[in-house]
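J.: First residue of the sequence shown: 205, per the numbering used here; consecutive thereafter.
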Amino acid sequence: MLTQPRVVIVGGGISGLATAHYLHRRLGADVQLSLVEGGTRLGGKIATERFGGHLVDVGPDALMVRAPAAAALVEDLGLGEFVVAPAGSGARIWSRGALRRLPAGTLFGIPDRLLPLMKSRLLSPLGLARAALDIVLPARSSLPADPTIAELVRPRMGRQVFDRLVDPLLGGVHAGRADELSARSTAPDIEALGRDNRSLYLGLRRRRRNAPPKPAGAPGGAALVTFSGGLARLIDALADRVAGDDVRLGSAAVSVSREGSGTGYLVALADGTVIPADAVVLATPAFVAAGLVAAEAPDLAAALGGIPYVDVATICLAYPRSAVAHDLDGTGFLVPPEEGRLIVGCTWSSVKWPHLADENTVLIRCMVGRRRDQRWVSLDDDTLVSQVHAELVEAMGLTGRPTEHHIERWLQGMPQYVVGHEARLAAAEEALVRLPGIHLTGSAYRGVGLASCVADAERTAGRIAQVLSDAQVLSDTRARSEASA
Ligand SMILES: Cc1cc2nc3c(=O)[nH]c(=O)nc-3n(C[C@H](O)[C@H](O)[C@H](O)COP(=O)(O)OP(=O)(O)OC[C@H]3O[C@@H](n4cnc5c(N)ncnc54)[C@H](O)[C@@H]3O)c2cc1C
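(1) Only counting the same chain, and skipping five residues up and downstream in sequence, which positions put a Cβ closer than 6 Å to that of Gln236?
(2) Here's the rule: buried if 16 or more other CB atoms are within 10 angstroms of the residue's CB, otherwise exposed. What is Thr664?
(3) For ligand 1, is there any heavy atom lying closer than 6 Å to the beta carbon of Leu326?
(4) According to DSSP, is Leu221 part of a helix, a strand, or is it coil?
(5) For ligand 1, any of its heavy atoms closer than 6 Å to the Cβ of Lys249?
(6) Taking the alpha-carbon positions, what's the Ala457 to Gly248 distance?
(7) Enumerated in chain order, which unbroken segments of the alpha helix (DSSP H) with a length of 4 residues or greater are wholly contained in the region 385 to 414?
(8) Checking the sheet assignment: what are the DSSP bridge partners for Val260?
(9) By Cβ distance below 7 Å, which residues in the same chain neighbour Leu206 in space, the five residues on each side in sequence not counted?
(10) With three or more beta-carbon pairs closer than 8 Å as the criterion, would you say the region 474 to 489 touches the region 600 to 612?
(11) Does the region 633 to 646 touch the region 554 to 565, meaning 3 or more C-beta pairs lie closer than 8 Å?
(12) Going by Cα to Cα distance, which pick from Arg334, Gly217, Val212 is closest to Leu654?
(13) When we look at the beta-carbon of Asp265 and count the other beta-carbons within 10 Å, is it buried (16 or more) or exposed?
(14) Tell me whether Glu395, by its Cβ, gets closer than 6 Å to a heavy atom of ligand 1.
(15) So does Ser238 have its beta carbon nearer than 6 Å to some heavy atom of ligand 1?
(16) Measuring straight from C-alpha to C-alpha, what distance separates Phe537 and Ile297?
(17) Quick one: what's got a C-beta closer than 6 Å to His258's C-beta in the same chain, skipping five residues either side?
(18) Count the C-beta pairs between the region 335 to 349 and the region 424 to 442 that are closer than 8 Å, then say yes if the count reaches three, no if not.
(19) Counting only beta-carbon atoms, is Leu567 nearer than 7 Å to chain D?
(20) Give me, in chain order, the residues of the same chain whose beta-carbon lies closer than 6 Å to that of Ala224; leave out the 5 immediate sequence neighbours on both sides.
(21) Just checking Ala456 against ligand 1 - is the residue's beta carbon closer than 6 Å to any of the ligand's heavy atoms?
(22) Taking buried to mean at least 16 other C-beta atoms within 10 Å of its own C-beta, is Arg381 buried or exposed?
(23) What number of angstroms, rounded off, separates the C-alpha of Gln364 from the C-alpha of Leu281?
(24) Smallest Cα separation from Ser459: which of Ala494, Ile353, Leu311, Leu672?
(25) How big is the Cα-Cα spacing for Ala747 and Leu356?
(26) Could you tell me if Leu267 is buried or exposed, where buried requires 16 or more neighbouring beta carbons within 10 angstroms of its beta carbon?
(27) Consider the C-beta atom of Val518 and the heavy atoms of ligand 1; say whether any pair is separated by less than 6 Å.
(28) DSSP state of Tyr469, grouped into three classes?
(29) So does Trp557 have its beta carbon nearer than 6 Å to some heavy atom of ligand 1?
(30) Please return the same chain residues whose Cβ sits closer than 7 Å to the Cβ of Arg613, not counting the five positions on each side in sequence.
(31) Report the residue ranges of all beta strand (DSSP E) runs contained in full by the region 527 to 567; include only those spanning at least 3 residues, in chain order.
(32) I'd like to know if the region 370 to 389 and the region 406 to 419 are in contact, where contact means that at least 3 CB-CB pairs between them fall below 8 Å.
(33) Confirm the yes/no value for this check: CB of Ile218, any heavy atom of ligand 1, distance under 6 Å.
(34) Which complete alpha helix (DSSP H) runs does the region 225 to 313 hold, if anything under 4 residues is left out?
(35) Spell out a yes or no on whether the region 359 to 379 and the region 389 to 409 are touching, meaning 3 or more CB-CB pairs, one atom from each, closer than 8 Å.
(36) Could you tell me how far apart the beta carbons of Ile696 and Val589 are, in whole angstroms, since I believe they sit closer than 8 Å?
As structure tokens, then:
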């Protein structure tokens, strides 16, 4: 082992950067860090562009600061003064020709109050009666070991709750379909609710009554926030923390292999450079990590390659205010798959985020693409903008065309925690036992949101720091006993 251990981090998204940050927090300057990023900038999916006269996020647009790791990171990086909480609240669902309010107090669309659900007119009277049946239906006889969200919700609350509430919410967050996503891996709260309660409705009400007070999150209690200047501010602050390290942009890793018979590894880059490492963090999408270790560990590559991804895109549109007669009361809307639309979710960005408010322009951001609906991929930019605009006209009654647009295509952008995800992770962990020093972190594994990526990065850095410190103690002890012999 080197006197100053060297860690190579592959991937400069939030996961790789946060791992580097926490490694320095744990080990200070006692570690040599190399961060290799295949693209020409840091940030990965976090991308902030100048659009419509503002700095607009074209990847993720909100950070969950109610999650302790994310809140701590914001404080640690001194970003508190830049935090922006959303101005609007409440989403709508575009269902059967109208933008209907999402009833308050749902857990991923599962309702715990019947009156707001009734008032939303999202369900037909029959659908409402079917949802209420959950209260009296007998307990289910058995559940699969790793049930889908559909298997937990549909038999209890019926098709309409599932199709018009649960599925669109999961589409908006995961670009996934609730009849494929593992409840345990994607929405553990739903899995616990379904396993521990006969009735979802009553279980949810009980859960709310007994819930401890929520952590404060941002000032004003906002759970999801951004920063003035967009989420790029988070990346810039993390990039500052690694400024003294060996950071290489435009340097794609092509393989990771063992260094001879020793405990170290070699990270080979596309330009032919090879970096020796005591530990390697793979903070890339899972399919990239699979390719990097394919020759060294086919079993690990097989487990990682089994994690599916979905292509999504964000389409930002700037409309003259005169073209928008809609009240824009809320943050935007989600679209159930049963509607057959291209738009999966729409954010009224200049209403949701105060720093994007503009007297003359309304900024709207749409997401397209979800599992089993990849129609958008084959559309050229003009057609994509026209089709999304046409749907917005229908949903919101817009009367003018956008003056500006920006399309960001995120091919294989969203990992899907489909049934069997936990088993795939277990297989990967098992394979990693034979590769001590290789670590996996990122959105493919233990949470797709930025906050989960940050928490996973902190755990990864903690594990590496522990191993390196133990090895250092061992080598110091050896050196002392050799000196005294
Ligand atoms: C459209 C969209 C909207 C989203 N909205 C939200 C949201 O509002 N809130 C939220 O919390 N989450 C959101 N997410 C999820 C979140 O953005 C991601 O899960 C998170 O950014 C993933 O970070 P990461 O670092 O794990 O991966 P990435 O950001 O994908 O970073 C991986 C990095 O590895 C690099 N790389 C790839 N191959 C190589 C190689 N061979 N060598 C070196 N480098 C390589 C890539 O270039 C990239 O920079 C959204 C995602 C998308 C796509």
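Backbone N, C-alpha and C fix where the C-beta goes; we use that ideal spot for every residue, glycine too.
T.: Let me spell this out:
(1) Gln208, Arg210
(2) By the 10 Å Cβ count, Thr664 comes out buried.
(3) no
(4) helix
(5) Yes, Cβ of Lys249 sits closer than 6 Å to a heavy atom of ligand 1.
(6) Ala457 and Gly248 have their C-alpha atoms spaced approximately 15 Å apart.
(7) Taking only runs of at least 4 residues, the alpha helix (DSSP H) segments lying wholly in the region 385 to 414 are 387 to 390, 392 to 400, 404 to 414.
(8) Glu253
(9) Model confidence at Leu206 stands at a pLDDT of 49, short of 50, so the residue's coordinates are unreliable and nothing is read from them.
(10) no
(11) no
(12) Of the candidates Arg334, Gly217, Val212, the one whose C-alpha sits nearest the C-alpha of Leu654 is Gly217.
(13) That one is buried.
(14) no
(15) no
(16) 5 Å
(17) Leu560
(18) no
(19) No chain D is part of this structure, which consists of one protein chain only.
(20) Ile213, Leu237, Leu239, Val446
(21) Flag set: Cβ of Ala456 near ligand 1.
(22) buried
(23) 44 Å
(24) Cα-wise, what sits closest to Ser459 is Ala494.
(25) Given a span of 205 to 689 for the chain in the structure shown, any question on residue 747 remains unanswerable.
(26) Per the 10 Å Cβ criterion, buried.
(27) What sits at residue 518 in the sequence shown is Thr, not Val. Result yes, Cβ under 6 Å from ligand 1.
(28) strand
(29) no
(30) Ala517
(31) Those beta strand (DSSP E) runs which fall completely within the region 527 to 567 and span 3+ residues are 536 to 538, 547 to 551.
(32) Fewer than three pairs of CB atoms, one per stretch, sit closer than 8 Å, so the region 370 to 389 makes no contact with the region 406 to 419.
(33) In this structure, Ile218 has its CB closer than 6 Å to one or more heavy atoms of ligand 1.
(34) Within the region 225 to 313, the complete alpha helix (DSSP H) runs of at least 4 residues are 272 to 280.
(35) yes
(36) An answer regarding residue 696 cannot be provided, because it is not within the stretch 205 to 689 covered by the chain.
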